[in-house]
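Beneath this line is the structure, given in structure tokens, with notes to follow.
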Amino acid sequence: MRVAMIGTGYVGLVSGACFADFGHVVTCVDKDATKIEKLKAGIMPIYEPGLDSLVAKNVEEERLFFTTDAKDAIKDADAVFIAVGTPSRRGDGHADLSYVYAAAEEIAQLMDGFTVVVTKSTVPVGTGDEVEEIIRKARPDGDFAVVSNPEFLREGAAIKDFKIPDRVVVGTEDERARNVMKELYRPLFLNETPILFTARRTSELIKYAANAFLAVKITFINEMADLCEKVGANVQEVSRGIGLDGRIGKKFLNAGPGYGGSCFPKDTLALTKTANDYNSPVRIVDTVVEVNAARKKAMAGKIIDAMGGDVAGKKIGVLGLAFKQNTDDMRDAPSLDIIPALQAAGATVQAYDPEAMDEASHLLSDVTFTKSAYEAVQDADAMVIITEWDQFRALDLDRIKGALNSNIVVDLRNIYAADDMAARGFHYFSIGRPS
Ligand code: UGA
Numbered sequence: 122m123r124v125a126m127i128g129t130g131y132v133g134l135v136s137g138a139c140f141a142d143f144g145h146v147v148t149c150v151d152k153d154a155t156k157i158e159k160l161k162a163g164i165m166p167i168y169e170p171g172l173d174s175l176v177a178k179n180v181e182e183e184r185l186f187f188t189t190d191a192k193d194a195i196k197d198a199d200a201v202f203i204a205v206g207t208p209s210r211r212g213d214g215h216a217d218l219s220y221v222y223a224a225a226e227e228i229a230q231l232m233d234g235f236t237v238v239v240t241k242s243t244v245p246v247g248t249g250d251e252v253e254e255i256i257r258k259a260r261p262d263g264d265f266a267v268v269s270n271p272e273f274l275r276e277g278a279a280i281k282d283f284k285i286p287d288r289v290v291v292g293t294e295d296e297r298a299r300n301v302m303k304e305l306y307r308p309l310f311l312n313e314t315p316i317l318f319t320a321r322r323t324s325e326l327i328k329y330a331a332n333a334f335l336a337v338k339i340t341f342i343n344e345m346a347d348l349c350e351k352v353g354a355n356v357q358e359v360s361r362g363i364g365l366d367g368r369i370g371k372k373f374l375n376a377g378p379g380y381g382g383s384c385f386p387k388d389t390l391a392l393t394k395t396a397n398d399y400n401s402p403v404r405i406v407d408t409v410v411e412v413n414a415a416r417k418k419a420m421a422g423k424i425i426d427a428m429g430g431d432v433a434g435k436k437i438g439v440l441g442l443a444f445k446q447n448t449d450d451m452r453d454a455p456s457l458d459i460i461p462a463l464q465a466a467g468a469t470v471q472a473y474d475p476e477a478m479d480e481a482s483h484l485l486s487d488v489t490f491t492k493s494a495y496e497a498v499q500d501a502d503a504m505v506i507i508t509e510w511d512q513f514r515a516l517d518l519d520r521i522k523g524a525l526n527s528n529i530v531v532d533l534r535n536i537y538a539a540d541d542m543a544a545r546g547f548h549y550f551s552i553g554r555p556s
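Set out below in structure tokens:
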């Protein structure tokens, strides 16, 4: 199959590289010439484990191409994927679909022969209808079908999630389009991955429902963590105790500083907007949006309390800035709420993150970025873990103790065992566990 991927952001690039690795011929199109030049030279615009070698291999084997010129890519394609950004619109929180519609206009002008137009970007219910209308208006004679095919990739694990997914969802009632989609994903069906064919609007909603449900799960356990702290219970054991019930499931029950990233905050908000527009509010998600935003803000208070209630003139060593491990993505990262609040309370901050410091340096001011975790805690009055990078789990804790000015550790990801930390002489604070 020949595939054109419009947009080389996170989703487009990973999906394009993985489709190429399945054996399809994929051309990734982006208007950003610098990005395309860099991709051609093997330089990735994002940090994603395994992506650079996957791209290099498929470029070398001539199945993966990068271009700024959509013309040939779309003309020759069996399937054109729209994988452009859908950021939250300033002011009202609705998804901004201008890039999606611009892509639809362009496809309409350039497609040739039966073309399956696939929305991979996360788009509100009904967007497929709009895309179809745009193309139909521009090309009344056009032979095409518009399909919804949401992605469920996690940053940091995206290649595995693409190649070994729990399911593939395809929203279309067009038989020819179904066959093209089946062919594209054929390698997965050898592994018996379920493919779910639905109506287009259903597929669009599945994406939002999945992300919102996961956000509910995280927010639920975060509130349980707060309760655990008050009643002297252990949230990790609560997670395990409920998660072993197959109806609940043990994944996404890790309490932390609140969810961030490019998807959950944006998608939960967009879902609530759509629901309100249709006068069918999803009140549980309204609450989750509110509770999560408040949680990220409250985390600085937790750190200040652990440090005795006053951080004026104190130095804090922060480990981890990205919204989660294995990514350089800083979008809606809890660190962006926590660090400015600590600074506003009079603290100075030294921070280390294995991948996100470059990005963070544009978003945070007056932070000293260091070359290692040990340097970040040097002469600091507390060590604070915001992101759960694996390398922080295996730190030389005696060295950390020697570097710190105090023995205070605030761990917002529960990566250490409380009794072990106490035995090592730390005054250790974590989330939802007795300290
Ligand atoms: C999420 C979904 O997991 C993907 O399935 C989906 O495709 C993607 O959004 C998307 O819509 O594009 P991602 O944002 O990469 O993926 O990250 P997650 O691993 O889901 O984590 C999201 C946030 O929840 C992070 O801030 C993470 O630290 C937090 N989290 C996650 C917790 O606090 N506790 C958990 O148990 C799990």
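Residues 122 to 556 (the numbering used here) are what the sequence shown spells out, left to right. Glycine is no exception: its CB is placed at the ideal position from the N, C-alpha and C atoms.
| Check | Outcome |
| --- | --- |
| Cβ-heavy atom distance between residue 275 and the ligand COA below 6 Å? | Among the ligands in the structure shown, the ligand COA does not appear; only the ligand UGA can be found there. |
| For a test of the three-state rule: what should DSSP assign to residue 228, helix, strand or coil? | helix |
| Where does residue 499 sit, in a helix, a strand or coil, going by DSSP? | coil |
| Is any non-hydrogen atom of the ligand UGA found closer than 6 Å to the C-beta of residue 139, if you look at the structure I gave you? | no |
| Say the cut is 6 Å; is the CB of residue 241 nearer than that to a heavy atom of the ligand UGA? | no |
| For residue 159, name the three-state secondary structure that DSSP assigns. | helix |
| Assess, as a yes-or-no matter, whether the segment 330-341 is touched by the segment 376-394 under the definition of 3 or more beta carbon pairs within less than 8 Å. | yes |
| If you measure from the CB of residue 167, is any heavy atom of the ligand UGA nearer than 6 Å? | no |
| Distance, Cα to Cα, residue 238 vs residue 200? | 6 Å |
| Leaving out five residues on either side along the sequence, give the residues of the same chain with a beta carbon under 7 Å from the beta carbon of residue 228. | 195, 201, 238 and 256 |
| Which residues does DSSP list as the beta-bridge partners of residue 532? | 506 |
| Could you check if residue 371 belongs to the surroundings of the ligand UGA, using beta carbon to heavy atom distance under 6 Å? | no |
| Quick check: does the Cβ of residue 513 come within less than 6 Å of any heavy atom belonging to the ligand UGA? | no |
| Could you tell me which of 267, 279 and 360 sits nearest to residue 172, measuring between CA atoms? | 279 |
| With 16 as the cutoff for other CB atoms within 10 Å, does residue 343 come out buried or exposed? | buried |
| Rounded to the nearest angstrom, how far is the Cβ of residue 439 from that of residue 472, given a contact under 8 Å? | 4 Å |
| Would DSSP call residue 236 helix, strand or coil? | strand |
| Assuming residue 484 is part of the alpha helix (DSSP H), what are its boundary residues? | 478-484 |
| Which value, in whole angstroms, describes the spacing of the CA atoms of residue 357 and residue 187? | 45 Å |
| Classify residue 126 as helix, strand or coil using the three-state DSSP reduction. | strand |
| Note the first and the last residue of the continuous alpha helix (DSSP H) segment covering residue 443. | From DSSP, residue 443 is part of no alpha helix (DSSP H); its letter is neither H nor E. |
| Can you tell me which residues form a DSSP beta bridge with residue 285? | Beta-bridge pairing links residue 285 to no other residue. |
| Return yes when the C-beta of residue 171 is under 6 Å from any heavy atom of the ligand UGA, and no when it is not. | no |
| Could you pull the start and end residues of the beta strand (DSSP E) that residue 172 belongs to? | No beta strand (DSSP E) holds residue 172; the alpha helix (DSSP H) holding it covers 172-181. |
| Helix, strand or coil for residue 472, going by three-state DSSP, please let me know. | strand |
| Can you tell me where the beta strand (DSSP E) holding residue 149 begins and where it ends? | 146-150 |
| Please state the DSSP three-state secondary structure of residue 198. | coil |
| Starting from residue 316, trace the beta strand (DSSP E) both ways and give me its first and last residue. | 316-319 |
| With a threshold of 6 Å on Cβ separation, who are the neighbours of residue 460 within its own chain once the five nearest residues in sequence on each side are excluded? | 470 and 485 |
| Looking only at C-alpha atoms, which of 161, 143, 555 and 502 sits nearest to residue 150? | 161 |
| Going by DSSP in three states, residue 268 sits in which element: helix, strand or coil? | strand |
| For a quick check, are the C-beta atoms of residue 477 and residue 449 less than 7 Å apart? | yes |
| If you measure between the beta carbons of residue 501 and residue 437, is that distance less than 7 Å? | yes |
| Taking the alpha carbon of residue 529 as the point to measure from, which residue in 521, 547 and 363 has its own alpha carbon closest? | 547 |
| Would residue 147 and residue 141 be called neighbours here (beta carbons separated by less than 7 Å)? | yes |
| Express the C-alpha separation of residue 455 and residue 446 in angstroms, rounding to a whole number. | 13 Å |
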